[in-house]
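Notes to accompany the following structure.
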Amino acid sequence: MDMNTTDLGALRMLIIREQQGEVVKPHDLATHLAISTASTTKLLDRLTVAGYLTRKPHPHDRRARIVMLTEEARSTFRRHFGERLRRMRDAAAAYSDEELRTIMRFLADMERAMLPEG
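Going by this note's numbering, the first residue of the sequence shown is number -18, and it counts up by one from there.
This is how it looks when you write it as structure tokens:
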């Protein structure tokens, strides 16, 4: 998609949260991507100018804003990653729910093991 990994990670998070019916605030993106408020603002500006995001008022908190994908972002993401995601879903379908929980636990343990101590 000709973008850096942080921008792509932001789109990926937004797609997942959208599928789960969740709204995303800029702070949620900053936390998920482990970036500063200033970096988040630059990221949001970049993705908005590129036509991938819009910022709108929060549906329940008038003081807050939410970040939403544009249809352009959804279609571009599907075009670039749709087939790969379909193959991943097919591969996961071969495992039972119990096996997938074990795999998820293993990956979470590996992620924690890779964090710096302290």
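Where is the CB? At the ideal position from N, CA and C, for every residue including glycine.
For Thr35, the pairing in a beta bridge is given by DSSP as Met49.
The Cβ-Cβ distance between Met(-6) and Leu10 falls below 8 Å.
For Ile(-4), the enclosing alpha helix (DSSP H) stretches over residues -14 to 0. Under the Cβ criterion (8 Å, minimum of three pairs), the segment -1 to 8 counts as touching the segment 34 to 50. Each residue's CA atom was taken as its position, placing Ala72 and Leu81 some 11 Å apart.
Separation of Arg68 and Leu(-11) (C-alpha to C-alpha, rounded to the nearest whole angstrom) is 20 Å. Annotation for Pro38: Arg46 place their beta carbon closer than 7 Å to its own, counting only its chain and skipping 5 residues before and after.
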